[in-house]
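For reference, the structure discussed in these notes is given below.
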Amino acid sequence: MISHFQYKSIHTSKLFGWSISFFYKGKQVEATYHRDGKIEWHQNQPEEADIELVTKAIHDLMLFHVYDGS
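In structure tokens, the structure reads:
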């Protein structure tokens, strides 16, 4: 599914969200994850049929890495 997931704060205060990147179906995807959970796609947005599945996976990854403090 999603591999090589990376995230980086856009700003030191984390108020502006995170820049995220990962591979999905062999393509590098780049997006902005806003702190309200909205995802703004920049490169290689997943197909419409996959958006819900990918969005849930990203929310889970962000919850684990950022919000749980791991």
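Every position in the sequence shown, counted from 1, becomes a number in the numbering used here once 12 is added.
C-beta atoms are modelled at their ideal positions from N, C-alpha and C, and glycine is treated no differently.
Which listed residue (the options) has its alpha carbon closest to that of residue i
i     : options                    : result
Met13 : Gly38, Ser21, Leu27, Ile22 : Gly38
Phe34 : Lys50, Phe28, Glu60, Tyr45 : Tyr45
Ser15 : Gln40, Gln57, Ser21        : Gln40
Glu52 : Phe17, Trp30, Leu75        : Trp30
Integer-rounded CB distance, given that residue j should sit under 8 Å from residue i
i     : j     : result
Tyr36 : Val66 : 6 Å
Glu42 : His23 : So it is not a contact: roughly 17 Å between Cβ atoms.
His71 : Gly49 : 6 Å
Phe17 : Leu73 : 5 Å
Can you give, in chain order, each stretch of the beta strand (DSSP E) that sits fully within the segment 19–49 and has at least 3 residues?
30–36, 39–45, all fully within the segment 19–49.
Please go through the segment 48–79 and give each complete alpha helix (DSSP H) segment of 4 or more residues, from N-terminal end onward.
The segment 48–79 is shown to contain whole alpha helix (DSSP H) runs of 4 or more residues at 63–74, in chain order.
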